[in-house]
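Below is one structure, written out as structure tokens; comments come after it.
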Amino acid sequence: MDRSDLALVLAIRDQGSLAGAAATLDVVPSVVTKRLGALEMRLGQRLFERTTRRLSATAEGEAVCLHARALLDGFAALENELGERQNELTGTIRLAATFGFGRRWLGPAVAAFQARHPALQVELLLTEQLPDLGAEGYDGAVWLWAVQQRHAADWISRRIARNQRVLAASPDYLKRRGTPATVEALASHDCLVARENGDASQRQHAVWTLRHARDGSTARVRVQGALTSNSGEMVRDWCLAGHGIMLRSLWDIAPQLASGELVRLLPQYAMAEADIHWIAPWRPKTPRRVRLLVDHLVEQFRGEPWKPGKAGGR
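Read in our numbering, the sequence shown has 35 at position 30, and its numbers run on one by one without any break.
In structure tokens form, the structure reads like this:
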């Protein structure tokens with residue numbers, strides 16, 4: 006059977022008559038009758054029962070129709086993909102991202118993608134508050150934690166890269182205050198809290214939830230300190246200056262950990278749910294330019310280039 010045979014069988018079944026199928030296929034009815042007879046002869050199966058009043062598919066005909074639809078859809082998808090690959094990427098991609106990751110890692114990756122597709126335009130908004138992506142016309146966002154939406158079916162999410170938020174302090178602070186040996190010991194230390202989402206409640210307190218790398222158990226500790234900020238960069242600078250212990254993404258402080266400016270504490274623990282995600286409003290068909298950008302980001306960050314010892318993290 007070839008593609009035209011599949012289309013013929015579906016047209017007959019869908020229209021319920023040879024004349025209707027002929028009109029759909031834009032041929033005369035005698036052509037449909039002749040082609041159907043030749044097909045049934047080649048298959049050795051009767052696909053349709055035909056009387057003067059009605060036409061209905063046999064069991065074999067229904068089986069052919071079932072597979073025909075999937076095969077024709079596959080042909081169409083393949084042709085669309087091949088056609089898209091021949092076309093240069095054009096148009097505009099609008100995306101949002103958090104400030105730190107957007108500036109340090111996403112910006113260069115997006116610029117490299119645009120350089121490969123010079124007819125493409127990219128608008129990148131850096132913000133700490135996730136916009137209403139659908140209402141404000143964004144194609145998606147690169148975000149540093151999973152976003153819980155009220156109607157999950159209205160959103161798509163894809164993990165771009167794994168990430169850990171780890172505990173760190175400067176050697177000067179540890180020399181002055183000592184190194185905590187347990188999660189519980191953090192409660193008696195000066196902890197630097199970043200409130201990048203605008204949470205002003207309990208200004209000097211925060212609850213850090215940490216997961217054990219080996220057994221997956223979690224530990225929660227209420228920490229406090231005299232210094233809090235809505236800027237993660239400010240918290241990092243305070244930590245480098247020896248003012249306390251912070252919980253910070255590995256992508257942000259890997260160079261300082263590698264150089265010894267910062268020391269990772271309780272290395273068996275890290276904050277859960279700190280991976281980097283692509284999130285976007287659901288749509289029936291995602292534009293090819295957006296799909297290729299997301300694939301590019303996944304490839305760029307697949308090896309977590311911010312890990313100590315990797316070129317991107319030095």
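We put the CB at the ideal spot given by N, CA and C, even for glycine.
- A check of alpha carbon separations from proline 272 across Thr38, Ala146, Thr184 and Leu111 identifies Thr184 as the nearest.
- For a cut-off of 8 Å, the C-beta gap from leucine 13 to leucine 60 is around 13 Å, too long to register as a contact.
- Across the set Ser236, Ala275 and Cys244, the C-alpha of Ala275 shows the shortest separation from the C-alpha of arginine 219.
- Residue burial is scored here from C-beta neighbours: glutamine 305 has at least 16 other C-beta atoms within 10 angstroms and is therefore classed as buried.
- Setting aside the 5 residues that flank it on each side, glycine 96 is surrounded in the same chain by Leu125, Gln126, Pro292 and Arg294, each with a C-beta closer than 8 Å to its C-beta; the list follows chain order.
- Going by C-alpha positions, arginine 253 is about 40 Å away from glutamate 93.
- Segment contact: the stretch 213–230 against the stretch 176–190, three or more CB-CB distances shorter than 8 Å; contact assigned.
- Around the Cβ of leucine 76, a 10 Å sphere holds fewer than 16 other Cβ atoms; the residue is exposed.
- Between phenylalanine 106 and glutamate 266, the alpha-carbon positions lie close to 20 Å from each other.
- A distance below 8 Å between beta-carbons, with the five flanking residues on each side excluded, links threonine 223 to the following residues of its chain, in chain order: Thr214, Leu215, Arg216, His217 and Ala277.
- Your pair histidine 301 and phenylalanine 53 does not check out as a contact, with CB atoms roughly 49 Å apart and the cut at 8 Å.
- Taking alanine 114 as the centre and dropping the five residues before and after it, the same chain places the C-beta of His301, Leu302, Gln305 and Phe306 closer than 8 Å to its C-beta, in chain order.
- Rounded to whole angstroms, the separation of the alpha carbons of isoleucine 161 and arginine 182 is 45 Å.
- For valine 32, no alpha helix (DSSP H) run applies, since DSSP gives it neither H nor E.
- Annotation: arginine 108 to tryptophan 256 spans about 12 Å, alpha carbon to alpha carbon.
- Residues Leu149, Trp150, Asn168, Gln169, Arg170 and Ser254 of the same chain have their beta carbon placed closer than 8 Å to that of alanine 279, with the five preceding and five following residues left out of the count.
- For methionine 251, the uninterrupted beta strand (DSSP E) segment begins and ends at 250–254.
- DSSP places valine 240 within a helical segment (H, G or I) once states are collapsed to three.
- Around serine 175, the same chain offers Cys244, Leu245, Ala246, Gly247, Glu266, Leu267 and Val268 as residues with beta carbons nearer than 8 Å, after the five sequence neighbours per side are excluded.
- In the DSSP assignment, histidine 301 forms no beta bridge with any residue.
- Within 10 angstroms of the beta-carbon of threonine 233 lie 16 or more other beta-carbons, which makes it buried.
- For leucine 11, the enclosing alpha helix (DSSP H) covers residues 8–20.
- In this structure leucine 131 does not touch isoleucine 250 by the C-beta definition: roughly 27 Å separates them, more than the 8 Å allowed.
- Annotated as distal: tryptophan 311 and valine 147, with beta-carbon spacing of 8 Å or more.
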